[in-house]
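Okay, structure first, notes after.
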Amino acid sequence: MEPVRKRGRSEVWEHFELLPSNKVKCLVCSQQLAYNNNTSSMLRHFRAKHENIPCQSRTTLSSTQGIAYSFLLVYIFYPSSQQMLDSALVNMIVKDLQPFTIVDDAGFREFVGILDPTYVIPSRKALKSMVEAKYTETKEKAKEEVQKATAVSLTSDMWTSIHMDAYLAITCHLINEKDELSTFLLGVGKFPKSHSAENLAEVKTALMAEWGIQKKVRCLVTDAAPNMVACAGLLKMRHTICIAHALNLIVKKAIDQTPGLEHIRSKARKIAGYFRSSTTAKERLFQMQGQMGRPTLKLIQEVETRWNSTFAMLQRMYQQREPVGAALVTLKTDLTPLTSEEYHTINECLGVLSTFNEATTELSEERRVSGSKVIPLIRMLRHALNTKQSQAQDEKSIQLCSNLFRLLNDRVSSYETMSIMTLATLLDPRYKTVGFCSQSNAQAAVKRLTGECATVIRIQEQQNTPSTSSATSQPQLEATVASSSTTPSTGTPYETLFLLITVMKINATADATVEVQRYLSDPIIPRTEDPLRFWASQKNVYPHLYHLALEFLCTPASSVPCERIFSKAGEVVTKKRNQLNPSTVEKILFLNKN
Numbered sequence: 001m002e003p004v005r006k007r008g009r010s011e012v013w014e015h016f017e018l019l020p021s022n023k024v025k026c027l028v029c030s031q032q033l034a035y036n037n038n039t040s041s042m043l044r045h046f047r048a049k050h051e052n053i054p055c056q057s058r059t060t061l062s063s064t065q066g067i068a069y070s071f072l073l074v075y076i077f078y079p080s081s082q083q084m085l086d087s088a089l090v091n092m093i094v095k096d097l098q099p100f101t102i103v104d105d106a107g108f109r110e111f112v113g114i115l116d117p118t119y120v121i122p123s124r125k126a127l128k129s130m131v132e133a134k135y136t137e138t139k140e141k142a143k144e145e146v147q148k149a150t151a152v153s154l155t156s157d158m159w160t161s162i163h164m165d166a167y168l169a170i171t172c173h174l175i176n177e178k179d180e181l182s183t184f185l186l187g188v189g190k191f192p193k194s195h196s197a198e199n200l201a202e203v204k205t206a207l208m209a210e211w212g213i214q215k216k217v218r219c220l221v222t223d224a225a226p227n228m229v230a231c232a233g234l235l236k237m238r239h240t241i242c243i244a245h246a247l248n249l250i251v252k253k254a255i256d257q258t259p260g261l262e263h264i265r266s267k268a269r270k271i272a273g274y275f276r277s278s279t280t281a282k283e284r285l286f287q288m289q290g291q292m293g294r295p296t297l298k299l300i301q302e303v304e305t306r307w308n309s310t311f312a313m314l315q316r317m318y319q320q321r322e323p324v325g326a327a328l329v330t331l332k333t334d335l336t337p338l339t340s341e342e343y344h345t346i347n348e349c350l351g352v353l354s355t356f357n358e359a360t361t362e363l364s365e366e367r368r369v370s371g372s373k374v375i376p377l378i379r380m381l382r383h384a385l386n387t388k389q390s391q392a393q394d395e396k397s398i399q400l401c402s403n404l405f406r407l408l409n410d411r412v413s414s415y416e417t418m419s420i421m422t423l424a425t426l427l428d429p430r431y432k433t434v435g436f437c438s439q440s441n442a443q444a445a446v447k448r449l450t451g452e453c454a455t456v457i458r459i460q461e462q463q464n465t466p467s468t469s470s471a472t473s474q475p476q477l478e479a480t481v482a483s484s485s486t487t488p489s490t491g492t493p494y495e496t497l498f499l500l501i502t503v504m505k506i507n508a509t510a511d512a513t514v515e516v517q518r519y520l521s522d523p524i525i526p527r528t529e530d531p532l533r534f535w536a537s538q539k540n541v542y543p544h545l546y547h548l549a550l551e552f553l554c555t556p557a558s559s560v561p562c563e564r565i566f567s568k569a570g571e572v573v574t575k576k577r578n579q580l581n582p583s584t585v586e587k588i589l590f591l592n593k594n
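The sequence shown begins at 1 in full-length UniProt numbering and counts up by one.
In structure tokens:
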């Protein structure tokens, strides 16, 4: 029996005829389409195939029908409107990490229908195809930007989903043509192999080749996991340990090694857990906060792997100590409240740890230059610890200062001799040599910078690149060689060439020394200013140092950018979406980041 069509449901029926066997025929081109009790396929067909054919009703329309039909005319004559809305939907999906199933949600469909009754919401399958197309387009654009860079630095980290699937993420950091810091997610893919250094190196090598940056990577930043460290060795690239990770280990160990402080932390953790898990306790705390005129705030529970969550827990506990104490008295619990002496210890220890908390936050910056801050902030931490220890009265806070100072020296002193970090610090006009603890390390860094600058000058001369520096020209060099008393009158061409190269090195080093010393003698700029703006304005004054700034100021201080990717991944791979294909996860995260 032929299906019965309800007339008047959609004006698109003016251009289609219903056929038996659930099919419809276009009255313009006679193409037959499957009919699934909706007009989506018909609308898409007409916009794709007959966008320039004016639609005229074959029946007399009522005023209401005429208004609705005018909407249809607009969308048929302007098919980009559908494409524009499709693109906006894709952007919403990847930006807010919404599931594809949102297009099937009744509330969403009703909402879109009110906003634009002519918009045809794509199916889940169609939406997925749109995301894949957007991924391909975005990736090509990102590759173009990355390949334009003078140099890049990478961060890398791993994460395990609720399925126990391992993922490897790699981010790329560079200074673009506008002299701005840019970050790109190169890839975040499922890692089915064992997490050996060899397997990690294989995947990273392939990814660098895909993006065409094998010869541009200046540094790899990871955590201190042995396989990550060994991987950098196999790749034969500069490697630094994430400073945020190093500080996390230092503070956690210092707290553990401070007698009595771990006990206070344990009590605070139990109290915070009680007020967060008990509805009665939470409401009682809010009641007490209201009576005392305090803001209504929940207690914070620490995360074992994040020391700054311990800081946040103790800070909130101290701030709300009076409402917490009053609430505990009225509740039936065997929890032991913190004493006034313990709160005094917490307060002094918070004063010690606040500097580390600020440093961790600043060193985890992703949108501003951060690698150059590592050495100056280590110096600042040492100075702050000396000051806090001399002012402290509580024995536990004094011991905490001592532990922190010792662990700082043991674990992060090497940053002041790492070439990548020392060069970044010198090239940051906010710090230069004043960021170093040791003057001998600062002098060694200046010598290293001068050598790098001389190399840039020599390369530019060999490429016959015009230079605004005082570098000696090639004819001048040859004249110098000819007049040199060291040139044998019967010298072979090879001997002459060797001497020419020697003279070029001497002159390049001399020019580099002048440029470096002129830069270092300039006043440092305020710490709140952007060093990249400085280099953008001084690129013609210090052309070779500008080139080095592009290379070394792009290195991030930490691998936090990768960790943030996995925070997003946790939102994508939820219990409601635990069947999501890893390839789709990668595409969504790539688009969300890039």
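For every residue, glycine included, the Cβ atom is placed at its ideal position computed from N, Cα and C.
- The closest CA to that of A88, considering only I525, K134, D104, is found on K134.
- For W211, the enclosing alpha helix (DSSP H) has its first and last residue at 197 to 211.
- According to DSSP, H239 shares a beta bridge with L220.
- P561 is the residue among R276, A392, P561 whose C-alpha sits nearest the C-alpha of W159.
- Under the three-state reduction of DSSP, I300 is assigned to coil, being neither helix nor strand.
- For the pair P556 and D428, the CB atoms are not nearer than the 7 Å cut-off.
- Just measuring C-alpha positions, the residue of L328, G260, A225 sitting nearest T280 is L328.
- Across the set T336, R411, T425, E348, the C-alpha of E348 shows the shortest separation from the C-alpha of C401.
- Put simply, the backbone Cα of S81 is about 15 Å away from that of G113.
- Beyond the five residues adjoining it in sequence on each side, T101 comes within less than 7 Å, by CB distance, of R124 in the same chain, given in chain order.
- Per DSSP, the unbroken alpha helix (DSSP H) holding M42 starts and ends at 40 to 49.
- Taking a contact to require three or more Cβ pairs closer than 8 Å, the stretch 435 to 446 and the stretch 297 to 312 do not qualify as touching.
- Nearest Cα to T150 within the set N403, L553, F590: L553.
- For a cut-off of 8 Å, the C-beta gap from M313 to A272 is around 6 Å, short enough to register as a contact.
- In the structure shown, E177 adopts coil according to DSSP, grouped into three states.
- Using a Cβ distance threshold of 7 Å, T422 and T513 do not count as a contacting pair.
- Beta bridge pairing from DSSP links W159 with Y167.
- Boundaries of the alpha helix (DSSP H) around K139: 124 to 148.
- Spanning the alpha carbons of S196 and A224 requires a straight line of approximately 14 Å.
- Distance from the Cα of I243 is smallest, within the candidate group I121, L377, F275, A445, for L377.
- Minimum Cα-Cα distance from V146 among the listed residues K204, M164, D179, G212 corresponds to G212.
- In the same chain as A442, and ignoring 5 residues on each side of it, the C-beta atoms closer than 7 Å to its own belong to T433, F436, in chain order.
- Membership of L545 in the alpha helix (DSSP H) is indicated by the continuous run 543 to 552.
- Ranked by how close their Cα comes to the Cα of P259, the residues E342, T39, G290 have E342 in first place.
- DSSP places C26 inside the beta strand (DSSP E), whose first and last residues are 23 to 26.
- With contacts defined as CB atoms closer than 7 Å, E563 and D165 fail to qualify as a contacting pair.
- Counted as a single uninterrupted DSSP element, the beta strand (DSSP E) harbouring F16 occupies residues 16 to 19.
- In the three-state DSSP reduction, A34 falls in the strand class (E or B).
- Here A48 has no same chain residue with a Cβ atom under 6 Å from its own Cβ, once five neighbours each way along the sequence are excluded.
- Using a Cβ distance threshold of 7 Å, T155 and T171 count as a contacting pair.
- Under the criterion of beta carbons closer than 8 Å, Y431 and S370 do not qualify as touching, at roughly 12 Å.
- In the DSSP assignment, R306 is bridged to V303.
- In the three-state DSSP reduction, G451 falls in the helix class (H, G or I).
- Bridge partners of S182 according to DSSP: L174.
- Remark: three or more beta-carbon pairs, one from each stretch, lie closer than 8 Å, so the stretch 244 to 257 and the stretch 353 to 362 are flagged as touching.
- Taken in chain order, the stretch 356 to 386 contains no complete alpha helix (DSSP H) segment of 4 residues or longer.
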